[in-house]
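One structure is given here, and the rest of the page talks about it.
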Amino acid sequence: MPLVKILTPRRASDRAWVRQVAGSVLVAAYLLTAAVLYAALNDGQPAAGDRDGLGAVELGCLFSLFLSTASILLCLRPSVQRALGLWWTAPAVVLGAIASARLMGLF
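Under numbering that gives the first Met the number 0, the residues of the sequence shown are numbered 0 to 106, in order.
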């Protein structure tokens, strides 16, 4: 019986630790994704012959897609999902959809 009393507070503290670490990593990833995507969206429509401008926008969109996918995969881990909840995937899905739409608009 004492073993159960010892493990219960530890699980709560582990969940708080996972919440703090995973939450801060996800917030940093979302902010970085949003900043890169903002730069790719506000770059304007580069001229057709401007390969450097098109390459920079394409690279920014691909980087945003990579970060969004990594964030979704982190959110879907069972320990993170229990600690944070599934709604933390929403910003990654929205940012990934915007990045893929911008990437498709280049072609």
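Glycine included, every Cβ here is placed at the ideal spot set by N, Cα and C.
So does the segment 20–30 actually touch the segment 54–61, counting three or more Cβ pairs closer than 8 Å?
-> With the cut-off at 8 Å, the segment 20–30 and the segment 54–61 do not touch.
Between SER67 and GLY95, is the Cβ-Cβ spacing less than 8 Å?
-> Start at 1 with the first residue of the sequence shown, and residue 67 comes out as number 68. Start at 1 with the first residue of the sequence shown, and residue 95 comes out as number 96. For SER67 and GLY95, yes; Cβs fall inside 8 Å.
Tell me whether ALA27 counts as near the ligand ZN, meaning its Cβ is closer than 7 Å to at least one heavy atom of that ligand.
-> Inclusion of the ligand ZN in the displayed structure is not the case, the ligand content being empty and no account of it being possible.
Other residues of its chain near SER99: CB distance less than 8 Å, five sequence neighbours each side excluded | By one-based count along the sequence shown, residue 99 stands at place 100. Within its own chain, the residues whose Cβ lies closer than 8 Å to the Cβ of SER99, once the five positions on either side in sequence are excluded, are CYS60, LEU64, listed in chain order.
Reduced DSSP secondary structure (H/G/I, E/B, other) of GLY22 | Position 23 of the sequence shown, counted from the start, is the residue given in the question as residue 22. Here GLY22 carries a helix assignment [DSSP, helix/strand/coil].
Which of the three DSSP states, helix, strand or coil, is assigned to LEU40?
-> Position 41 of the sequence shown, counted from the start, is the residue given in the question as residue 40. In the structure shown, LEU40 falls within a helical segment according to DSSP collapsed to helix, strand and coil.
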